[in-house]
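Everything on this sheet refers to the single structure shown next.
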Amino acid sequence: MWELSILEHMDIHHLSREIEAFDMSALEAVISCDEERLKLQQEAGTLTG
301 MWELSILEHM DIHHLSREIE AFDMSALEAV ISCDEERLKL QQEAGTLTG
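Note that our numbering has the sequence shown beginning at 301, numbered continuously upward.
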């Protein structure tokens, strides 16, 4: 087993499945997912007070 050093400003996400092909680039998909993740984090913070 080996270790991988991850810089503090980097995020790592593990995917459970692939998505269907579409006209979005990989970078656009990552940015879109991150925007959704941030939105859900804000919503969770609002709900938990």
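Note that beta-carbon positions come from the ideal geometry of N, C-alpha and C, so glycine has one too. Quantities reported herein were computed from a predicted structural model and do not represent experimental measurements.
Problem - Under the three-state DSSP convention, the category Leu355 falls into - result: In the structure as shown, the chain starts at 301 and stops at 349, and residue 355 therefore has no counterpart that could be examined.
Exercise for the section: Inspect the beta-carbon positions of Ile312 and Ile319 and report whether they are closer than 9 Å. Expected result: no
Practice task
State the Cα-Cα distance for the pair Leu304 and Ser316, rounded to the nearest angstrom.
Solution key: 21 Å
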